[in-house]
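For the sequence shown, our numbering assigns the number 491 to the initial residue and increments by one for each residue that follows.
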Amino acid sequence: MRLCVEHLDWRVHGHRLLDDISLTVDAGETFGLVGPNGSGKTTLLRVLAGLRRPKTGRVLADGRPMQGMRRHEIARLMAFVEQQADTLDRLEVHQAVALGRTPFLTPLRPWSARDEAIVARALADVGLTPLANRLWHTLSGGERQRVHIARALAQQPRALLLDEPTNHLDIRHQLSILRLVRRLPITVVIALHDLDQAMDCDRIGVMDGGRLVAIGPPREVLTPDRLLRTFGVHAEVLEIPGDSRPFLRFRHAR
Ligand SMILES: Nc1ncnc2c1ncn2[C@@H]1O[C@H](COP(=O)(O)OP(=O)(O)OP(=O)(O)O)[C@@H](O)[C@H]1O
Ligand SMILES: [Mg+2]
């Protein structure tokens, strides 16, 4: 699904949280959002997810304005893994993941073996099959985060929005979630703080003070000059023989 953002503005009490954002994410593309704390990544993702209705500008999903869509309809198209996800206290893990199927259930199309299979697959994809019957509140932070990702996968969305999905995960689960996300044939917009992980995206958008200050392939965007200007750090771009992408090394800018 192609996501198109046109001249988006978002203001709260005179502060411009989003400042004239225009962006197109192509069908199947993995688009990384990076930027310092408070630069507007979460705000932009929430608008893309239809949780905030912009007063100025619009968001189009495959050419259709999202403003006119009902929440239910949006949920059949896209899934959102939030930075601060809600609590699912009294649910078992498989029930929490099954919530991802809700937008597709109707009296004429009740819960079926197919839904069961989709949930089982989503649990397996995030490595939670052994914990399927555990109560959500007994899980660790990283396990909880993987439940939220599994719920989004169970939605079988055409676009997946992820807000720092790896921040609680151990390194092995970080890599496996990122690999999983990259292999999904759907449109992905993912906010990341780890700029080395962002290097693996098809394109990156850099946010700074509510504006998208750079968009393009990671190598073209994450330059030492950009990293100094936006993040205030010195960076070196290290090419490692045999590796297809460079690595970044940072130093505090005095
Ligand atoms: N309802 C609100 N009222 C006032 N300010 C807000 C509101 N929501 C967000 N902000 C401010 O908007 C700015 C952007 O917030 P946002 O959460 O989008 O940043 P972010 O890029 O996701 O940051 P982080 O990397 O810390 O997650 C922040 O300065 C935040 O304090
Ligand atoms: Mg955020």
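No residue lacks a Cβ here, since even glycine has one placed at the ideal position from N, Cα and C. Note that the coordinates shown come from a computational prediction; the quantities given were computed from them, not determined experimentally.
Give every residue of the same chain whose Cβ lies closer than 7 angstroms to the Cβ of residue i, excluding the five residues on either side of it in the sequence, and list them in chain order.
i	result
Arg-548	Glu-496, Pro-555 and Gln-557
Phe-721	Pro-526
Ala-586	Leu-578, Trp-626, Val-637 and Arg-641
Asp-552	Met-491 and Arg-492
Asp-686	Phe-737 and Leu-738
Arg-624	Glu-582 and Val-583
Arg-543	Gln-557
Would you identify the three-state DSSP class for residue i, choosing helix, strand or coil?
i	result
His-584	helix
Ile-511	strand
Met-556	helix
His-562	helix
Leu-589	helix
Leu-550	strand
Arg-669	helix
Asp-686	helix
Leu-538	helix
Leu-674	coil
Thr-532	helix
Leu-598	coil
Leu-578	coil
So, at 6 angstroms on beta carbons, what are the nonlocal neighbours of residue i in its own chain, with the 5 sequence-adjacent residues on each side left out?
i	result
Lys-531	Leu-523, Gly-525, Ala-681 and Met-697
Gln-806	The requested residue 806 is not part of the displayed model; the chain covers only 491 to 744.
His-658	Gly-631, Gly-632 and Gln-635
Ile-608	Ala-644
By the 10 Å Cβ neighbour count, where 16 or more other Cβ atoms means buried, how is residue i classified, buried or exposed?
i	result
Arg-580	exposed
Ser-529	buried
His-584	buried
Ile-730	exposed
Val-514	Per the sequence presented here, residue 514 reads as Thr, with Val not at that position. Exposed, because fewer than 16 other Cβ atoms sit within 10 Å of the Cβ of Thr-514.
Phe-737	exposed
Leu-508	buried
Val-571	buried
Ile-661	exposed
Arg-591	buried
Leu-541	exposed
Leu-717	buried
Leu-773	Outside the shown range of the chain, which is 491 to 744, sits residue 773, and nothing can be said about it.
Leu-613	buried
Thr-520	buried
Leu-535	buried
Thr-546	exposed
Gly-706	exposed
Val-502	exposed
Counting only the same chain and skipping the five closest in sequence on each side, list residues whose C-beta sits under 8 angstroms from that of residue i.
i	result
Pro-708	Gly-522, Ala-688, Met-689, Asp-690, Cys-691, Arg-693, Ile-694 and Arg-735
Leu-595	Trp-601 and Asp-605
Please check the pair residue i and residue j, which I expect to be a contact at CB under 8 angstroms, by giving their CB distance rounded to whole angstroms.
i	j	result
Met-491	Arg-669	Met-491 to Arg-669, Cβ: 21 angstroms. No contact.
Val-678	Val-671	6 angstroms
Pro-597	Ala-565	No, Pro-597 and Ala-565 are not in contact; Cβ-Cβ is about 18 angstroms, not under 8 angstroms.
Leu-498	Ile-511	4 angstroms
Leu-651	Asp-615	Incorrect: roughly 17 angstroms between the Cβ atoms, too far for contact.
Ala-539	Met-568	6 angstroms
Gly-518	Ile-676	7 angstroms
Phe-740	Val-727	Actually they are not in contact, since the Cβ atoms of Phe-740 and Val-727 sit about 11 angstroms apart, beyond 8 angstroms.
Inside the stretch 604-666 only - alpha helix (DSSP H) runs reaching at least 4 residues: Listed in chain order, the complete alpha helix (DSSP H) runs (minimum 4 residues) inside the stretch 604-666 are 631-644.
Every unbroken alpha helix (DSSP H) within the stretch 704-738, with a cutoff of 4 residues, ordered by chain: Listed in chain order, they are 708-711 and 714-721.
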